[in-house]
Amino acid sequence: MPVGRFLRPPGAEQAFRVGDKVEVKCDHDLKGVRVNGWLKGTVVQVENKMLAVQFKSDIFLTDGWMVPDRILWYPFDSSNLRPVQPKKTIEETKAALL
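Residues in the sequence shown are numbered from 1 upward in steps of one, following the numbering used here.
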């Protein structure tokens with residue numbers, strides 16, 4: 001079977017679905033101060049190569065404009081996008097330390 005050319009080898013890609021909680025690195029308000037850091041949001045739309053994330057707080061473009069609908073689009077392989085890590089329970093934390 002001939003091997004086709006591709007930019008990236010096929011494999012298990014990060015699959016996002018509407019309603020998933022993610023963290024995005026973006027400019028946003030934190031206690032009244034504009035910062036660039038990780039902010040939790042919700043996936044509201046998934047397309048072929050991109051997904052839309054909506055936030056509960058104000059977010060800004062890099063040139064300073066506020067995004068009125070609080071939605072940013074990201075490609076699936078963006079380094080500024082990651083799934084929210086589940087919080088460890090007290091028991092899991094204790095077990096990891098022992």
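Think of the CB as a built atom: it goes at the ideal place given N, C-alpha and C, for glycine as much as any other residue.
Owing to the predicted nature of the structure, the values given are computational and were not obtained by experimental measurement.
Cβ pair residue i, residue j closer than 8 Å
i     : j     : result
ILE71 : VAL43 : no
ASP20 : PHE60 : no
PRO75 : LYS56 : no
TRP65 : ALA52 : no
VAL46 : VAL67 : no
Option nearest residue i by Cα separation, candidates the options
i     : options                    : result
PRO86 : LYS40, GLY64, MET50        : LYS40
ARG34 : VAL18, LEU81, VAL22, ASP58 : ASP58
GLN54 : ALA95, ASP77, GLU23        : GLU23
LEU81 : GLY37, GLU91, LEU30, ASP29 : GLY37
LYS25 : GLU91, SER78, ALA95        : SER78
Segment limits, beta strand (DSSP E) that includes residue i
i     : result
PRO83 : 81-83
Beta carbon proximity, residue i to chain C, threshold 8 Å
i     : result
GLN45 : Annotation note: the requested chain C is absent from the structure, which comprises a single protein chain.
Continuous beta strand (DSSP E) assignments of at least 3 residues falling wholly in the region 7-72 | 21-30, 33-46, 50-54
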